[in-house]
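Asks:
Numbering (the numbering used here), first residue to last: 11 to 99.
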């Protein structure tokens, strides 16, 4: 599985909204490796508003630097951090 950053690296100069064919062509022009092209060719044929939508639809890994055990441990941790603007003062 490829990471978000790997996919987005080859789409940095793409103008959005863009369709699946545009996304794949741009990645090919930029010299994307076969695993990135494979992920992009598996995209649903819709228009994408930005690179994040492409990465989400391509089924990329958001945190490839973590192994499966680390991701599982992170998922079990309670999330207690709250953005400053959401805190009650």
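Positions of the beta carbon are idealized from the N, C-alpha and C atoms, including for glycine.
Taking residue 40 and residue 20 to be in contact with their CB atoms under 8 angstroms, please state how far apart those CB atoms are, rounded to whole angstroms.
Replies: That belief holds up - the Cβ atoms of residue 40 and residue 20 are roughly 4 angstroms apart, short of 8 angstroms.
Asks: In angstroms with no decimal places, state the Cα-to-Cα distance between residue 88 and residue 14.
Replies: Residue 88 and residue 14: Cα-Cα distance of roughly 25 angstroms.
Asks: Cβ-heavy atom distance between residue 46 and the ligand SAH below 6 angstroms?
Replies: Of the ligands one can find in the structure shown there are none, so the ligand SAH has no counterpart to examine.
Asks: My output table needs one value for residue 28: the three-state DSSP class, helix, strand or coil.
Replies: The answer is strand: DSSP assigns residue 28 an E or B state.
Asks: Let me see if you follow: with CB-CB separation under 7 angstroms, is residue 86 close to chain D or not?
Replies: Judged by its chain identifiers, the structure shown contains no chain D, having just a single protein chain.
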